[in-house]
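Only one structure is covered here, and it is reproduced in the block below.
Protein chains: 2
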Amino acid sequence: MNDIRVLLVDDHPVVRAGLRAMLGDFEGLTVVAEAADGGAALAELSRLHTLGEPVDVVLMDLQMGAGMDGVTATGRIKAGEAGQPAPPVLILTTYDSDADILAAVEAGASGYMLKDAPPEQIRQAVLAAAAGQTALAPAVAARLMGRIRSPEPVLSAREIQLLELLATGLGNRAIAKQLFISEATVKTHLVHIYGKLGVDNRTAAISVAAQRRIIRRF
Amino acid sequence: MNDIRVLLVDDHPVVRAGLRAMLGDFEGLTVVAEAADGGAALAELSRLHTLGEPVDVVLMDLQMGAGMDGVTATGRIKAGEAGQPAPPVLILTTYDSDADILAAVEAGASGYMLKDAPPEQIRQAVLAAAAGQTALAPAVAARLMGRIRSPEPVLSAREIQLLELLATGLGNRAIAKQLFISEATVKTHLVHIYGKLGVDNRTAAISVAAQRRIIRRF
DNA sequence: GCCACGATCAACCTTTCGGTTGACCCTCCG
DNA sequence: CGGAGGGTCAACCGAAAGGTTGATCGTGGC
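Respectively, the protein sequence lines represent chains V and F.
Quick note, the first sequence lines up with residues 1254 to 1471 if you use the numbering used here.
Quick note, the second sequence lines up with residues 1254 to 1471 if you use the numbering used here.
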């Protein structure tokens, strides 16, 4: 049986070397290419596709320095920009905030692992992704489960998106412009957010959201 | 001539594997031990010291999940807790905020590299550290120079105190009550804080202060 | 088909915040 | 001694944010 062909996407040479060494030690896995950001990843995928050497799994970081970020890249891969059929994308990143996880899942990622995971867990996730299954880190899975049957009110994806802009210090007008909606809508969302988080102003909302890891920590 | 003996300290197995593979490819370097956090690093150093196999360079991450962070560990190593003479500590991390760099330098680090650096640069830095020299990533060096030329305005203790209450989501009235001062005074302080941080509202102030680690992160 | 719900927008009003000016007191330091 | 700088307070004004009501639209479930 042929090896599972993996593309590594991470802006840190150190991490790429680590994954190469780590995955190379396993039977049945081969790292066929690497990319330092989302744009390079798309190019690599296209190149390999036209060569008739398709990739079985993309292992992708989310934060990528200056280049195209992982969520954007995942969305474009899934849109078929680098050839059909689009390979499964397994996210491998450092953070596990609700915002990151939701964005990745919505972009079409088929798994979400954390970099502090033991090697064997990462290998299992790659195998699962190659088999068309979904693989979530235990911490991530727990977080998603908690979202489903939690007594606490659940924030919608849009509300979380707003919350993140809020945390950068933008005013309502600026947030409205960023999201291409009216200021009135921003205010409506904020009222909902305040209600769900049990606060009554934007700074308190940021504080609570950061503490509950609804948004990425500063 | 004997190899330079390196201790790796990083909470991510992936990163440790990468550094091990990367440094192992170079002549004159040997990774003799690894640790997943500051506490384990101190233990490893002590153990190797009593075995008569001292470490020449410690390669240390700053953010270390749950365990002891890199700055604290560096300080304690330099205090001689893991045996004298204390080996040089080279910081290898993802972030290059002023607060991180300054804290590391003050703790006694003899270098500060970023994880997105090319392998050769990291090798050079390890060699420099082993030789008792200082090695800074270009981006880090530039940042330090910039600080000297135009030193950032310094927040007073009272202003930082205010900033911390601000970050909990309190309004001006509540902050005033908490500090036993009038609301007018709170507003005066806020205007000063905004000026020093280069922002024009309280949420942006929190964002900037958290990023520069003027206040503790959420 | 209808209902629930999220997302969108508008109008209105109250409260808070941001920004300014000017003032007083204290301590540290040259 | 006298200035510099931090901390305190007041009054004022315009801008922004908070809060309410009500409405439309689309999607997904029953």
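C-beta: ideal position from N, C-alpha, C; glycine also.
Please list, in chain order, the chain V residues whose beta carbon lies closer than 7 Å to that of F/HIS1265.
LYS1368, ASP1369
Helix, strand or coil at F/ALA1288 [DSSP, three-state]:
strand
Taking the alpha-carbon positions, what's the V/PRO1341 to V/ASP1309 distance?
7 Å
Chain V contacts made by the region 1412 to 1433 of chain F, where a contact means CB separation under 7 Å
LEU1419, ALA1420, THR1421, GLY1422, GLY1424
Interface flag, V/THR1318 vs chain F, CB-CB below 8 Å
Here the sequence assigns Gly to residue 1318 of chain V, which means Thr is not the residue at that position. Output row for V/GLY1318: interface = yes.
Candidates F/ASP1349, F/LEU1298, F/ASP1263: closest to F/GLN1337 by CA position
F/LEU1298
Determine the extent of the alpha helix (DSSP H) in which V/ILE1413 is found, giving its start and end residues.
1410 to 1420
At the 8 Å Cβ level, is F/THR1283 part of the contact set with chain V, yes or no?
no
State the CB to CB distance for the pair V/THR1325 and V/GLY1361, rounded to an integer number of angstroms; the pair is presumed to be in contact (CB under 8 Å).
Wrong, their Cβ atoms sit about 11 Å apart, outside the cutoff.
Please give the ranges of any beta strand (DSSP E) in the region 1315 to 1383 of chain F, keeping only runs that are unbroken, at least 3 residues long and fully inside the region.
1342 to 1346, 1364 to 1367
Test item: CB-CB of V/GLY1422 and V/LEU1389 under 8 Å
no
If the criterion is Cβ atoms closer than 8 Å, does the pair F/VAL1268 and F/GLY1291 meet it?
no
Give a yes or no on whether 8 Å exceeds the smallest Cβ distance from F/THR1456 to chain V.
yes
Out of V/GLY1323, V/LYS1331, V/LEU1419, V/GLY1318, which one is the CA nearest neighbour of V/TYR1447?
V/LEU1419
Just to confirm, is the Cβ distance from F/VAL1393 to F/ASP1349 under 8 Å?
yes
Against chain F, with Cβ distances strictly below 8 Å, would V/LEU1272 count as a contact?
yes
Consider the Cβ of F/VAL1452: report whether some Cβ of chain V lies at a distance smaller than 8 Å.
yes
How many whole angstroms separate the CB atoms of F/ASP1270 and V/GLY1281, which I take to be in contact at a CB cut-off of 8 Å?
The sequence as given places Ala at residue 1270 of chain F; Asp does not occur at that position. Not quite, the Cβ-Cβ distance comes to about 18 Å (not below 8 Å), so this is no contact.
Which whole-angstrom value describes the C-beta separation of V/LEU1367 and V/THR1387, a residue pair presumed to lie in contact below a C-beta threshold of 8 Å?
About 15 Å separates the two Cβ atoms, so there is no contact after all.
Anticipated Cβ contact below 8 Å, V/ARG1396 with V/ILE1344, distance rounded
That belief does not hold up - the Cβ atoms of V/ARG1396 and V/ILE1344 are roughly 14 Å apart, past 8 Å.
Is V/PRO1372 close to chain F, meaning its C-beta is less than 8 Å from at least one C-beta of that chain?
yes
DSSP beta-bridge partners of F/VAL1198
Chain F is shown from 1254 up to 1471; residue 1198 of chain F falls before or after that span and cannot be answered.
Given a threshold of 16 other Cβ atoms within 10 Å of its Cβ, counted over all protein chains shown, does V/GLY1323 qualify as buried or as exposed?
buried
Straight-line Cα distance separating F/GLU1306 from V/LEU1416
52 Å
Just the chain V side, please: which residues come within less than 7 Å of F/MET1275 by C-beta, in chain order?
VAL1267, ALA1270
Ordered along the chain, which non-local residues of its own chain (more than five positions away) have a Cβ less than 6 Å from that of V/ALA1462?
LEU1416, ILE1468
Beta-carbon contacts of V/ALA1227 that lie in its chain and below 8 Å, excluding the five residues immediately before and after
Shown here, chain V extends from 1254 to 1471; a query on residue 1227 of chain V therefore has no answer.
Per DSSP, the bridge partner or partners of F/THR1283:
F/ARG1258
Looking only at C-alpha atoms, which of F/PHE1279, F/ARG1466, F/LEU1295 sits nearest to F/GLN1374?
F/PHE1279
Report the rounded CA-to-CA distance for V/ALA1293 versus F/ALA1410, giving the unit in angstroms.
47 Å
Contacts around F/GLU1412, its chain only, beta-carbon distance under 8 Å, and the 5 residues preceding and following it disregarded:
HIS1442, HIS1445, ILE1446, LYS1449
From V/ALA1378 to V/ALA1352, what does the alpha carbon distance come to, in whole angstroms?
21 Å
What do you reckon, are the CB atoms on V/THR1283 and V/ASP1256 nearer than 8 Å?
yes
So which residues on chain F does V/ILE1459 lean against when the C-beta distance must stay under 9 Å?
ALA1420, GLY1422, THR1456, ILE1459, SER1460, PHE1471
From the DSSP output, in three-state form, read off V/LEU1389 for me.
strand
Where does F/ASN1425 fall in DSSP's three states?
helix
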